[in-house]
Amino acid sequence: MLMAASTYMIVVEVSAAASVFSISFMQRFATDVYLDTFLDELHQQGLTYEITDRHPLQIAPIADYRNAKPK
Numbered sequence: 557m558l559m560a561a562s563t564y565m566i567v568v569e570v571s572a573a574a575s576v577f578s579i580s581f582m583q584r585f586a587t588d589v590y591l592d593t594f595l596d597e598l599h600q601q602g603l604t605y606e607i608t609d610r611h612p613l614q615i616a617p618i619a620d621y622r623n624a625k626p627k
């Protein structure tokens, strides 16, 4: 799933296809407290889940063209 950059501290994207729901949880900080709370709530509601991928967000470096000097 492609996740867009956001100014928000936490972004949750939900999609569904072929009777399967996918939830992507993106945050701009390292602690797992909010993700763990979200997963605990799913468990308390009787919803099972599988974490298929988990990795730190990586953003490709992009030059700051706004402040570039004209050639």
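Going by my numbering, 557 is the number at position 1 of the sequence shown; the sequence numbering is gapless.
Beta carbons: idealized from backbone N, C-alpha and C, even for Gly.
Margin query: Run through the DSSP bridge pairs and tell me what Gln583 is partnered with.
Written below: For Gln583, which the question treats as bridged, DSSP gives the partners Ile566.
Check: With a CB to CB cut of under 6 Å and the five nearest residues on each side skipped, what residues in its chain are close to Ala574?
Finding: none
Margin query: Closest to His611 by C-alpha separation, out of Phe585, Gln600, Val576, would be which residue?
Written below: Phe585
Check: If you draw a straight line from the alpha carbon of Glu606 to that of Val589, how long is it in whole angstroms?
Finding: 18 Å
Check: Whose C-alpha, out of Ser571, Phe577, Phe581, Ala572, is nearest the C-alpha of Met565?
Finding: Selected option, being the one with the closest Cα: Phe581.
Next item on the list: Report yes if the C-beta distance between Ala579 and Val570 is below 8 Å; otherwise report no.
Entry: Before going further, note that residue 579 is Ile rather than Ala in the sequence given. Their beta carbons are under 8 Å apart, which means Ile579 touches Val570 by this criterion.
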